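Engineer: The listed protein sequences derive, respectively, from chains A and B.
The numbering of the first sequence is the numbering used here, which starts it at 11 and goes up by one.
The numbering of the second sequence is the numbering used here, which starts it at 30 and goes up by one.
Glycine included, each C-beta is placed from N, C-alpha and C at the ideal position.
Owing to the predicted nature of the structure, the values given are computational and were not obtained by experimental measurement.
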Amino acid sequence: RKEVEQDPGPFNVPEGATVAFNCTYSNSASQSFFWYRQDCRKEPKLLMSVYSSGNEDGRFTAQLNRASQYISLLIRDSKLSDSATYLCVVNSNAGNMLTFGGGTRLMVKP
Amino acid sequence: DAGITQSPRHKVTETGTPVTLRCHQTENHRYMYWYRQDPGHGLRLIHYSYGVKDTDKGEVSDGYSVSRSKTEDFLLTLESATSSQTSVYFCAISESGLGGGYEQYFGPGTRLTVT
C-alpha cells in the first residue's frame, strides 16, 4: 500500500462547479499535511497547509480526519485557472521528510 | 516566490557520462532536498541536506551523490548516467525540519534525458 494515495482523476468539471478531492495516508503518526498545486511542466507550489481544525483560504477548504486518516480539499466556484494537478503531501515516518501522493488532475471546462 | 534556481534547466547526455545538477537558494534556508518526478511514481526524494556538509539518503538514492559546501548550493551528481535516470529533477528548500511542520518550496526543475 502506498503511503499517500490519491485518485489520479482526471476530474472534468464545468466552471462554477464545486469539486472535492480526498487523500488517504497510512502513517498514523504523521503530523504535517499539505496540499500542493502543480501546473503542467512546472514545479509544485504550496496551496495550503491542512490543520486539525480545518482551514479555509478563499474558495479552497482543507480538512483533516485523523481517525480515518484522510485529508480533503474542496474547491468552490471552480475557475478555468484552477486546472492543474493537486498533490496531497504528508510528513513521513522519518519525521523530517515529506511523502507526496501521485496527484489528482483537475480540468475545469468553460 | 522563494529564491531558488536550478541549472541547467534542460540537459541531454549519453549513458555512462557524469552529470552534475546545481540548486542555488537565496533564502538562507537550512534544509535542501533533491527529488525526481516520473509518470506513475510522483515525486520521490533522492537525497537531502540539513546543513553544510550534512546530507542523508532518501527513498531513491542509488546512483546519485550530493554535496553541500555552502548554505546556498546543493549539488546532485550522477556519476555514470543511465537511461533510468531520465527524469525531471526538482530541488526544494525548507526553513526547518519537517517534524515541525514546515513546508517546502521548489525550484523550477531540470529536465534530464539520458540517451
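Can you find a C-beta in chain A that's less than 9 Å from the C-beta of glutamine 133 (chain B)?
Structural biologist: It does: the Cβ of glutamine 133 (chain B) has a partner Cβ on chain A nearer than 9 Å.
Engineer: In the DSSP output, which residue or residues are listed as bridge partners for methionine 61 (chain B)?
Structural biologist: Methionine 61 (chain B) pairs with B:Ser78 and B:Ile122.
Engineer: From the DSSP output, in three-state form, read off serine 90 (chain B) for me.
Structural biologist: In the structure shown, serine 90 (chain B) sits in coil (DSSP, three-state: anything other than H, G, I, E or B).
Engineer: Exposed or buried, glutamate 53 (chain A), counting other C-beta atoms within 10 Å across all chains shown (16 or more means buried)?
Structural biologist: The residue is buried, with at least 16 neighbouring Cβ atoms inside 10 Å.
Engineer: At 8 Å on the CB atoms, spell out the chain B contacts of methionine 117 (chain A), in chain order.
Structural biologist: Neighbours of methionine 117 (chain A) on chain B: none; closest Cβ ~17 Å, over 8 Å.
Engineer: Counting only beta-carbon atoms, is glycine 80 (chain B) nearer than 9 Å to chain A?
Structural biologist: With 9 Å as the cut-off, glycine 80 (chain B) does not count as an interface residue toward chain A.
Engineer: For chain E, is any of its Cβ atoms less than 9 Å away from the one on arginine 73 (chain B)?
Structural biologist: In the structure shown, chain E cannot be found, because the protein chains are A and B.
Engineer: Leaving out the 5 sequence neighbours to the left and right, which residues in its chain are closer than 6 Å to glutamine 73 (chain A) when beta-carbon positions are compared?
Structural biologist: Gly64 and Ser82, listed in sequence order.
Engineer: In whole angstroms, give me the CA-to-CA distance for arginine 5 (chain A) and alanine 94 (chain A).
Structural biologist: No statement about residue 5 (chain A) is possible, as the shown extent of chain A runs from 11 to 120 and does not include it.
Engineer: Which chain B residues sit within Cβ distance under 8 Å of phenylalanine 1 (chain A)?
Structural biologist: The structure shown does not extend to residue 1 (chain A), since chain A is modelled only from 11 to 120, so the question has no answer here.
Engineer: In chain order, what residues of the region 13-39 of chain A put their CB closer than 8 Å to some CB of chain B?
Structural biologist: Taking 8 Å as the Cβ-Cβ cut-off against chain B, none of the residues of the region 13-39 of chain A qualify.
Engineer: In its own chain, which residues sit with a C-beta less than 8 Å from the C-beta of valine 117 (chain B), not counting the 5 before and 5 after it?
Structural biologist: Arg65, Gln66, Asp67, Gly138, Thr139, Arg140 and Leu141, listed in sequence order.
Engineer: How about serine 59 (chain A): is its C-beta nearer than 9 Å to some C-beta of chain B?
Structural biologist: It does; some Cβ of chain B falls within 9 Å.
Engineer: Which same chain residues end up closer than 7 Å to tyrosine 134 (chain B) when comparing Cβ atoms and leaving out the 5 residues on each side of it in sequence?
Structural biologist: Around tyrosine 134 (chain B): Ala31, Ile33, Ala121 and Ile122.
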